[in-house]
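Numbering (full-length UniProt numbering), first residue to last: 1 to 124. Where is the CB? At the ideal position from N, CA and C, for every residue including glycine. Fair warning: this is a prediction, and the values are worked out from it, not measured in the lab. Working notes for the structure below.
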């Protein structure tokens, strides 16, 4: 299994889904579009759910317990790392979108303000 190639493909797909844009439309109206990820468990949560559901051992209270070997632990840590990277990418995308929106709003405000170099003549 080539983790680097799979991660790069996954990152590329994530970027495509997370892309957002600001579009100028008719009559100076502005619309903002953003793609939202579908709700559902992350690969980490799905994997942990699978481990718990398949666990044959329970504690004194009947709750399932996990006995994790080193390979499973490495896999969980890898999924945690991927999850952290995805969250960081989402935060960076939101930050870029927010920055673009603020810049756009500021430019629209400046366009609506009277020219700051123009001085009104003093009253007579």
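Measure the alpha-carbon distance for residue 81 versus residue 113 and round it to whole angstroms. Indexing the chain shown from 1 puts residue 81 at position 81. Indexing the chain shown from 1 puts residue 113 at position 113. Pairing residue 81 with residue 113, the inter-Cα distance amounts to about 48 Å.
Identify the residues that DSSP records as bridge partners of residue 90: which are they? On the chain shown, residue 90 is found 90 positions in, with the first residue counted as 1. Beta-bridge analysis with DSSP links residue 90 to no other residue.
By DSSP, does residue 58 sit in helix, in strand, or in coil? For the purposes of this step, residue 58 is taken as the residue at position 58 of the chain shown. Three-state result, residue 58: strand.
Hey, is the stretch 69-83 in contact with the stretch 40-55, meaning 3+ C-beta pairs nearer than 8 Å? At 8 Å Cβ cutoff, the stretches touch.
Residues of its chain near residue 51, where Cβ-Cβ distance is below 8 Å and the 5 sequence neighbours each way are ignored: Translated into the one-based positions of the chain shown, residue 51 becomes position 51. Result list for residue 51: 66, 68 and 72, in chain order.
Could you name the residues that DSSP lists as bridge partners for residue 50? Here residue 50 refers to the residue found at position 50 when the chain shown is read from its first residue. For residue 50, which the question treats as bridged, DSSP gives no partner whatsoever.
Per DSSP, residue 64 is paired with what? Here residue 64 is taken as the residue at index 64 of the chain shown, counted from 1. For residue 64, which the question treats as bridged, DSSP gives the partners 58.
Alpha carbons only, please: which of 111, 47 and 110 is nearest the one belonging to residue 78? Translated into the one-based positions of the chain shown, residue 78 becomes position 78. For residue 78, the nearest C-alpha among the options comes from 47.
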